[in-house]
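Student:
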Amino acid sequence: MTGKIIRDLGEGLIIRHAALGDEQALVDFTTEIHSEGEWDGVGLEAWVRDLVSGDGPTFDTADFTIVENTTNGEIVSSCCHISQTWSYEGIPFKVGRPELVGTKKAYRRRGLIRQQFEILHQWSVERGELVQAITGIPYYYRLFGYEMTLNLSGGRAGYEIHVPEIKDEQVEPYHFRQAVESDIPFVEENYERGCRRSMVNVLWDDALWKYELTGKRQYNINRREIYIIENNKKEQVGFIGIPPVKWGKNSTLTIYEITPDFSWSEVTPSVIRFLWKKGEELAKEQKQEQKMFGFWLGETHPAYLVTETQLPREIKPYAYYLRVPDLAAFLKTIQPVLETRLKESAFANYTGELKLNFYRDGLSLSFENGQLKTVKNLSFDELENSSAAFPPLTFLHMVFGYRTIDEIKYMHKDCGTKDDLTAHLLDALFPKKISKVWPIS
Ligand SMILES: CC(C)(COP(=O)(O)OP(=O)(O)OC[C@H]1O[C@@H](n2cnc3c(N)ncnc32)[C@H](O)[C@@H]1OP(=O)(O)O)[C@@H](O)C(=O)NCCC(=O)NCCS
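In the numbering used here, each residue carries its 1-based index in the sequence shown increased by 1.
(1) Return the residue from the list Arg404, Leu373, Ile441 that minimises the CA-CA distance to Lys434.
(2) Run the CB neighbour count on Tyr140, radius 10 Å, all protein chains shown included, and call it buried at 16 or more, exposed below.
(3) With distance defined between alpha-carbon atoms, name the residue in Tyr160, Ala180, Ile7 nearest to Leu214.
(4) So, is Met200 buried or exposed, given that buried needs 16 or more other C-beta atoms within 10 angstroms?
(5) Is Val49 a contact residue of ligand 1, with contact defined as CB to any heavy atom under 8 Å?
(6) Measuring CB to CB, does Leu283 end up less than 9 Å from Ile256?
(7) Where DSSP assigns a beta bridge to Leu14, which residues make up the other side?
(8) Return the first residue and the last residue of the alpha helix (DSSP H) that Arg274 is part of.
(9) Could you tell me if the beta carbon of Gln336 falls within a distance shorter than 8 Å of some heavy atom in ligand 1?
(10) Throw me the rounded Cβ distance for the Arg194 and Pro440 pair, which I believe falls under 8 Å.
(11) Going by DSSP, what residues sit across from Thr86 in a beta bridge?
(12) Using 8 Å as the threshold, is the region 212–228 in touch with the region 101–117, meaning 3 or more CB pairs across them?
(13) Return the CA-CA distance between Val49 and Val28, expressed in angstroms with no decimal places.
(14) Count the other C-beta atoms from every protein chain shown that fall within 10 angstroms of the C-beta of Thr31, then say buried if there are 16 or more, exposed otherwise.
(15) Cutting at 8 Å between CB atoms, please list the residues of its own chain near Ile67, excluding the five before and the five after it.
(16) Quick check: the Cα distance between Arg128 and Asn221, rounded to an integer number of angstroms?
(17) Taking contact to mean at least 3 C-beta pairs separated by less than 8 Å, is the region 331–338 in contact with the region 141–150?
(18) Among the residues of its own chain, which have a CB less than 6 Å from the CB of Thr301, if the five just before and after it don't count?
(19) When you measure from the CB of Ser78 to every non-hydrogen atom of ligand 1, does any distance come out below 8 Å?
(20) Under three-state DSSP, which class holds Cys416?
(21) State the start and end residues of the unbroken beta strand (DSSP E) segment that holds His1.
(22) So, is Ser264 buried or exposed, given that buried needs 16 or more other C-beta atoms within 10 angstroms?
(23) DSSP state of Gly195, grouped into three classes?
(24) From Trp124, Ser346, Glu173, Val272, pick the residue whose C-alpha is nearest to that of Gly159; which is it?
(25) In its own chain, which residues sit with a C-beta less than 7 Å from the C-beta of Gln311, not counting the 5 before and 5 after it?
(26) Is any heavy atom in ligand 1 found nearer than 8 Å to the beta carbon of Arg111?
(27) Are the beta-carbon atoms belonging to Pro392 and Tyr360 less than 9 Å from one another?
(28) At a cut of 8 Å, does the region 345–353 reach the region 415–435 through at least three beta carbon pairs?
(29) By the three-class DSSP mapping on this structure, what secondary structure does Ser388 have?
(30) Within 10 angstroms of its Cβ, does Tyr411 collect 16 or more other Cβ (buried), or is it exposed?
(31) List, from N- to C-terminal side, the alpha helix (DSSP H) runs of 4 residues or more that fit wholly inside the region 91–136.
(32) Does the beta-carbon of Asp382 have 16 or more other beta-carbons within 10 angstroms, so that it is buried, or is it exposed?
(33) To the nearest angstrom, report how far apart Gly417 and Leu384 are at their CA atoms.
(34) Ligand 1 and His35: does any heavy atom of the ligand fall closer than 8 Å to the residue's C-beta?
(35) Within the same chain, show all residues whose beta-carbon is closer than 8 Å to that of Ala429, passing over the 5 residues directly before and after it, in chain order.
(36) If you compare alpha carbons, which of Ile406, Trp40, Pro432 is closest to Asp420?
Have a look at this one:
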């Protein structure tokens with residue numbers, strides 16, 4: 002049985018939902034379009050099979066769109082949409098994540114992705130998702146209203162010479178074992194503590210952790226192998242997450258948390274030794290070299306502070322593309338955060354209207370004694386006497402704590418505020434803050 006038709010594009014092309022019977026064709030399509038090597042292909046294949054199965058807690062087979070050439074049944078273009086919930090300083094909001102975006106060479110530049118994105122964006126509206134987020138190729142998604150406004154990954158790396166040695170008479174103080182289902186409460190608690198370092202993060206509930214630990218195929222490129230760190234008394238110390246498909250010559254971890262009862266400086270040397278050893282094992286299995294190890298933990302992380310000599314190389318973050326189609330609705334959702342920030346700033350008890358001009362439309366925020374009374378989108382005709390102007394989408398840099406008003410002004414001469422006080426008010430409401438987001442895949 003094939004998936005339901007969504008649009009007939011004419012000339013024998015249709016856009017339809019995927020069905021279980023598309024599994025192999027989608028695997029072939031995805032590896033042809035996206036794979037960058039043998040093991041990358043293995044990881045992609047496992048990911049696609051996991052998604053198509055619909056076994057994950059947040060994804061259904063029909064969340065793939067397929068453009069099919071009905072004359073021969075070929076898949077010529079496809080995307081998928083992974084729904085999830087993120088949090089903004091503790092306030093949950095729904096997010097749609099387009100992924101596995103691709104078109105066969107012979108069918109490119111005909112608007113096939115543009116049309117599928119219209120459909121995915123509509124699904125997001127129907128699911129109450131206020132934001133769409135993509136980890137994507139440079140520039141492209143700007144065409145569909147996305148702006149790069151949230152740090153993606155980044156980290157620190159070192160080489161064999163930086164792996165701390167353990168002396169012959171010393172006993173390895175910390176050990177690593179694969180996490181099992183009964184570890185979920187411990188992992189969850191520590192993950193959530195780590196999230197407090199990040200302004201935006203992702204809500205992982207029991208079902209998602211269970212799926213991560215026991216549901217995904219072993220080599221799913223987006224799975225993380227979770228290891229519990231224990232000391233010699235078998236006490237739980239923390240956990241780390243390692244990709245099961247090696248990142249080339251690099252052995253990487255992408256998550257690392259410990260409980261407050263232990264110290265990063267004591268635990269981290271053992272983590273590095275384990276990461277190196279794990280890298281050697283994966284290198285052997287996956288016919289790769291092992292030359293480097295890395296902590297891919299975002300822009301900042303407590304472990305970086307204690308490993309300056311072990312992790313000398315800094316890898317700057319890339320960025321998520323975010324799209325916020327109804328900014329007023331999003332700001333209303335995070336209203337308590339905005340009011341708290343105001344209260345804790347020089348503008349406590351503020352009364353007034355902040356009228357933001359985005360040149361083609363705008364936004365008005367009205368405050369009364371520090372309470373946000375109204376937030377509304379403004380049309381082109383309502384933009385006179387604005388307090389600040391931002392070229393389209395650049396205001397999102399402030400909303401997601403990615404850039405200050407001064408940084409945006411420095412980049413864009415058409416960004417301005419009517420006076421310095423307004424600039425300070427904007428920085429108080431939307432301060433620059435670190436985020437490290439681990440999305441649901
Ligand atoms: C990038 C890719 C998905 C685009 O697919 P497509 O079906 O050609 O996309 P569309 O035709 O719907 O593109 C819409 C617009 O983007 C433009 N465009 C297409 N590819 C582009 C690119 N790489 N960079 C910039 N613009 C691009 C098109 O010209 C079109 O513009 P227009 O509507 O003003 O004419 C396709 O080239 C591909 O599969 N590449 C390899 C895999 C990949 O990189 N996927 C993205 C992973 S994040």
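Every residue, glycine too, gets a C-beta built ideally from N, C-alpha and C. From a predicted model like this one, the values you see are computed outputs, not experimental measurements.
Tutor: Once the coordinates are examined:
(1) Arg404
(2) exposed
(3) Ala180
(4) buried
(5) no
(6) no
(7) Gly11, Asn70
(8) 265–286
(9) no
(10) Actually they do not touch by this definition, with Cβ atoms about 19 Å apart.
(11) Lys95
(12) no
(13) 6 Å
(14) buried
(15) Gly4, Ile16, Arg17, His18, Ala19, Asp23, Leu27, Ile76, Ser78, Ser79
(16) 26 Å
(17) no
(18) Ile435
(19) yes
(20) coil
(21) Past the edges of the chain, shown from 2 to 442, lies residue 1, and the structure says nothing about it.
(22) exposed
(23) helix
(24) Val272
(25) Gly159, His163, Pro165, Ile273
(26) yes
(27) yes
(28) yes
(29) coil
(30) exposed
(31) 113–127
(32) exposed
(33) 14 Å
(34) yes
(35) Arg342, Leu343, Ser346, Ala347, Phe348
(36) Ile406
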